[in-house]
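Q:
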Amino acid sequence: MRVAVLAGGTGGARLAAGFDAVLPPGDLTVIANTADDDEFWGLLVCPDIDAVIYRLAGIFNDESGFGQRNESFHVLDSLERLGEPAWFRLGDKDLATHVLRAELLRSGSTLTNATLELCRRFGIRSRVLPMSDQPVRTRCITERGTYSLQEYFVRERLSPVLKAIEFEGLESASMTTEVKSALAAAELVVIGPSNPRISIDPILQVLAAALVPDRTTAGSPIGGGAALDATPLEVARRYREVSSRFALDQRDREYEPAIAQLGYRVLVCDTVMSDGGRSLAEALVG
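If you count the sequence shown from 1, you need to add 927 to reach the working numbering.
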């Protein structure tokens, strides 16, 4: 079964790894959010793309929640000694990824082709695609001014009151041929259990027109009321126009009737992914 997963860097990446484990090689395409991307020291950093790649390669750092396992920080420490801000903790292995991406882009590759080349270099059997080759950037509008997503979440630690979120460049972003082909070929499209507002919204705003609701399943990023200040019902309402099936965590079964009333086919299962997403992937395919 050919599957396309729309993913941010945490829950979506974990679910993608689950599908990668249960599907035949080449049957999975992951379409990753790029609105979190940012530049540091002239290098394009793509947190969600990289999280998916590292997860599929089996080297994701679960302890820190980003980057690769067994990291060192010699370059960052040296930059800090030279007076550079070091609040965004890019490890040495992670930096190697960004250096290679920068060289590929400098040589004329699109972000799509650079990402596919990184997949090849990391030995991944599935495809990872950016949602668009045009840059989209999350802007957090706060009481103290406007920040990039990384500045607001990592450097400022969400301290200024958030007033709005905007996606700069979204009006110019379009689907690539590769994304269109992956969605057209997919027998199942899964909206991954990533943050709906920050990770999934920008993807949907770029490619919602290509989604077929009858082939699309939305996954709640909530299990037992955890993960977001929202309910599964609110998440289901958010995705109703683009999906017809909803994966609901078994601990939130009380929401099943209300979600079904929205017109969904509701799949009640364990969505926590303690086994790396394999069981949830099998439930969604089955």
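We put the CB at the ideal spot given by N, CA and C, even for glycine.
Computed from a predicted model, the values in this text were never measured in an experiment.
(1) Mark T1143 as exposed unless 16 or more other C-beta atoms lie within 10 angstroms of its C-beta, in which case mark it buried.
(2) If distances are taken between C-alpha atoms only, which option among E1114, Q995, S1034, G953 comes closest to L1017?
(3) Are there 16 or more other CB atoms within 10 angstroms of the CB of G1213, so buried, or fewer, so exposed?
(4) Taking the C-alpha atoms as reference points, what is the distance between D1141 and S1005?
(5) What does a CB cutoff of less than 6 Å around I1068 pick up in its chain, not counting 5 residues either side in sequence?
(6) Please state whether DSSP places G1018 in a helix, a strand or coil.
(7) What are the boundary residues of the beta strand (DSSP E) that V1117 is part of?
(8) Of all the beta strand (DSSP E) runs that stay within the bounds of the region 1136-1199, which reach a length of 3 or more residues?
(9) Please name the residue in R1167, V1088, Q1077 whose C-alpha comes closest to that of I1125.
(10) Report the option in L942, M928, H1025 whose CA atom is closest to the CA atom of A1145.
(11) Report the three-state DSSP secondary structure of S1075 (helix, strand or coil).
(12) In whole angstroms, what is the alpha-carbon distance linking E1183 and E1161?
(13) Do the region 939-957 and the region 1133-1140 meet, that is, are 3 or more Cβ pairs less than 8 Å apart?
(14) Spatial neighbours of H1025 within its chain, please: CB distance less than 6 Å, with the 5 preceding and 5 following residues excluded, ordered by chain position.
(15) Quick one: residues in its chain with C-beta nearer than 7 Å to the C-beta of R1071, no 5 flanking neighbours on either side, listed in chain order?
A: On the basis of the coordinates in this document:
(1) Flag for T1143 reads buried.
(2) Q995
(3) A residue is called buried when at least 16 other Cβ atoms come within 10 angstroms of its Cβ; G1213 does not meet this threshold and is exposed.
(4) 53 Å
(5) K1090, A1091
(6) coil
(7) Looking at the DSSP string, the run of the beta strand (DSSP E) that includes V1117 is 1115-1118.
(8) 1143-1146, 1172-1176, 1192-1196
(9) Q1077
(10) L942
(11) strand
(12) 12 Å
(13) Taking 8 Å as the limit for Cβ pairs, the verdict is that the region 1133-1140 does not touch the region 939-957.
(14) L970, V972
(15) Within the same chain, Cβ atoms closer than 7 Å to the Cβ of R1071 are found at P1087, the five residues on either side in sequence being excluded.
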